[in-house]
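The opening position of the sequence shown corresponds to residue 89 in my numbering, with each subsequent residue numbered one higher.
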Amino acid sequence: MIEKLKVLQRVKETREFAALRLMRAKKNELQEANRVRAENERSFLESKQTLPVREDGIYEDILNKVVNLDLLDIVGERVSDLHLRHRKTEQDLDQSMRKQEEVTEETAIAMRMYQKAQQSREKYDAMIRECEAEFTRVLEKDEEARIEDVAAFRQSGNI
89 MIEKLKVLQR
99 VKETREFAAL
109 RLMRAKKNEL
119 QEANRVRAEN
129 ERSFLESKQT
139 LPVREDGIYE
149 DILNKVVNLD
159 LLDIVGERVS
169 DLHLRHRKTE
179 QDLDQSMRKQ
189 EEVTEETAIA
199 MRMYQKAQQS
209 REKYDAMIRE
219 CEAEFTRVLE
229 KDEEARIEDV
239 AAFRQSGNI
């Protein structure tokens, strides 16, 4: 019986190790998601703070000057491009926040899976210890009984 339990224990250890690897991978992925989010947040805030100044810089070239419509179109395109790049930083931040939330959830699930696998393996460890202790007690009782039988046999004068 102990051998069957040990086989099951090895299966549980294998599952526990797989869950541990998954949990570590998810923790690493979460660390990367946190880094990307922080980087995107910094980029967005920087873009948001400097957007008016950069926009003013584009308009400064044509302020108080007589310009043709082609130049106005070019300036308009540059401002539009500036706003598109700013919106891209905002979209990147939103995407990284969603990714961070997703990976946080996956990491929590992986941690729970690992804990369950660990508890399952620990149950088998305890059962094996109990079986081995019981087996040892039975062997010791059997040995004591043999010693008593030999002693009784010697006392009866049969030796």
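Even glycine gets a Cβ: it sits at the ideal position worked out from N, Cα and C. Keep in mind that this is a model prediction, so the values were computed, not measured.
Handout entry: Simplified DSSP state of S244, which is helix, strand or coil
Key = In the structure shown, S244 sits in coil (DSSP, three-state: anything other than H, G, I, E or B).
Handout entry: Top-ranked residue by Cα proximity to A205, from M111, I90, M89
Key = Ranked by Cα distance from A205, the first of M111, I90, M89 is M111.
Exercise for the section: Have a look at T224 and E218 and give me their C-alpha separation to the nearest angstrom. Expected result: Roughly 10 Å between the two C-alpha positions.
Handout entry: For L227, three-class secondary structure by DSSP
Key = Residue state, collapsed to three classes: helix.
Practice task
Just tell me which of L118, D180, I162, S135 has its CA closest to the CA of I146.
Solution key: When each option's Cα is compared against that of I146, the closest is I162.
Handout entry: For I90, three-class secondary structure by DSSP
Key = In this structure, I90 counts as helix in the three-state DSSP scheme.
Handout entry: C-alpha distance - L172 paired with A106, whole-angstrom precision
Key = If you take the alpha carbons of L172 and A106, they lie about 45 Å apart.
Exercise for the section: Could you confirm whether any beta carbon from chain C is found closer than 8 Å to the beta carbon of E134? Expected result: Any reference to chain C falls outside this structure, which holds one protein chain only.
Practice task
Using only alpha-carbon positions, find the residue among M215, A221, Q243 that is nearest to Q97.
Solution key: With respect to the C-alpha of Q97, the residue from M215, A221, Q243 having the closest C-alpha is M215.
Problem - Buried versus exposed call for F132 [16 or more other C-beta atoms within 10 Å across all chains shown] - result: A residue is called buried when at least 16 other Cβ atoms come within 10 angstroms of its Cβ; F132 meets this threshold and is buried.
Exercise for the section: Could you tell me which uninterrupted alpha helix (DSSP H) segments, each at least 4 residues in length, are contained entirely in the stretch 90-177, listed from first to last along the chain? Expected result: Runs found: 90-148.
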